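So the structure is just underneath, and the comments pick up after that.
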Amino acid sequence: MAVRILVVEDDPLLGEMMEEFLSEQEFEITLASNAKEALDLAYERPFDLWILDVKLPGGDGFSLLKSLREAGKTTPAIYTTSLHTLQDLESGYESGCDDYLKKPFELKELLVRIKALLKRRFAHKQEEFEELGGGWRFCLGSKRLYQGEDLYSLASKEIELLSLFLQNKNRLLSHEEIFDRLWSYGESPSEMSLRAYVKNLRKILGKERILNQRGEGYLYVG
Numbered sequence: 001m002a003v004r005i006l007v008v009e010d011d012p013l014l015g016e017m018m019e020e021f022l023s024e025q026e027f028e029i030t031l032a033s034n035a036k037e038a039l040d041l042a043y044e045r046p047f048d049l050w051i052l053d054v055k056l057p058g059g060d061g062f063s064l065l066k067s068l069r070e071a072g073k074t075t076p077a078i079y080t081t082s083l084h085t086l087q088d089l090e091s092g093y094e095s096g097c098d099d100y101l102k103k104p105f106e107l108k109e110l111l112v113r114i115k116a117l118l119k120r121r122f123a124h125k126q127e128e129f130e131e132l133g134g135g136w137r138f139c140l141g142s143k144r145l146y147q148g149e150d151l152y153s154l155a156s157k158e159i160e161l162l163s164l165f166l167q168n169k170n171r172l173l174s175h176e177e178i179f180d181r182l183w184s185y186g187e188s189p190s191e192m193s194l195r196a197y198v199k200n201l202r203k204i205l206g207k208e209r210i211l212n213q214r215g216e217g218y219l220y221v222g
């Protein structure tokens, strides 16, 4: 399966160059040009790596990554920026980035950074698997569900809910807490949709693993 990379760049020419170059290296590239679009994509789809421009319309890369980290997103991230001061560098790492590339840069240098970061990421991939029983296992790092060796497709919010349950075993999660994690800014939470997600996860985990505390929330029994 191709490595999936979200490239966030507001310069159309540079964005197209990065997309074309990385696609030639057999990466699966999704391109975004502003902070809101990037945030929506990062919530909707699983990526193996984010490449984030710092200066963006409608926000900035620092705030974008900080929001994603606070929401529990652990995808590795590389900043690309024309900012060069030590304070900028500190701000970047404090917001949760894994690497930093100053503009202008050579595309080959970007490729070297990507490969190094992914190598570190995937070297620990086995350690991140959560065995769910019945041949099911979940990779906490990439948020991917497997049936044996086969990747199993779930809706993005079902994936996020499964990840949330596994990170909070034997702890009651209120409806409000779940809504805050699964529904992004501007979306309207739906209790009916949440019930449907829980029903689908129970088919995988078993009814006894996800308990409904009526009027309060859900408890995952680990």
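Each residue of the sequence shown is one higher than the last, beginning at 1 in UniProt numbering. Even for Gly, the Cβ is constructed at its ideal location relative to N, Cα and C. Given the structure is predicted, the values throughout are model-derived calculations rather than measurements.
DSSP places residue 38 in the helix class (H, G or I) of the three-state scheme. Short of 7 Å from the beta carbon of residue 152, and not among the five residues preceding or following it, lie these beta carbons of its own chain, in chain order: 145 and 146. If you compare the alpha carbons of 106, 11 and 159 with that of residue 204, the shortest gap goes to 159. With contacts defined as CB atoms closer than 9 Å, residue 52 and residue 64 qualify as a contacting pair. A straight line joining the alpha-carbon of residue 104 with that of residue 82 spans about 7 Å. Counting the other CB atoms within 10 Å of its CB gives residue 60 a total of 16 or more, which places it among the buried residues.
Counting along the chain, residue 15 sits inside no beta strand (DSSP E); it lies in the alpha helix (DSSP H) bounded by residues 12-24. Going by DSSP, residue 156 is part of the alpha helix (DSSP H) stretching over 156-167. Inter-residue distance for residue 26 and residue 111 is about 12 Å (C-alpha atoms, whole angstroms). Counting along the chain, residue 201 sits inside no beta strand (DSSP E); it lies in the alpha helix (DSSP H) bounded by residues 191-205. Where residue 63 is concerned, the enclosing alpha helix (DSSP H) starts and stops at 61-70. C-alpha of residue 69 to C-alpha of residue 216: approximately 27 Å in a straight line. Contact between residue 15 and residue 39 is absent: CB atoms are separated by about 17 Å, not below the 8 Å threshold. Judged by DSSP secondary structure, residue 130 falls within the beta strand (DSSP E) whose first and last residues are 129-133. The Cβ atoms of residue 201 and residue 211 do not sit closer than 9 Å to each other. Separation of residue 184 and residue 178 (C-alpha to C-alpha, rounded to the nearest whole angstrom) is 11 Å. Your pair residue 49 and residue 114 checks out as a contact, with CB atoms roughly 6 Å apart and the cut at 8 Å. With contacts defined as CB atoms closer than 9 Å, residue 140 and residue 130 qualify as a contacting pair. Ranked by how close their Cα comes to the Cα of residue 117, the residues 102, 98 and 106 have 98 in first place. Excluding its 5 nearest sequence neighbours in each direction, residue 2 has C-beta neighbours in its own chain below 7 Å: 26, 27 and 28, listed in chain order. If you draw a straight line from the Cα of residue 167 to the Cα of residue 119, it comes to about 25 Å. Distance check between residue 71 and each of 95, 109 and 11 places 95 closest, using alpha-carbon atoms only.
Here residue 150 is bridged, per DSSP, to 147. In the three-state reduction of the DSSP assignment, residue 115 falls in the helix class.
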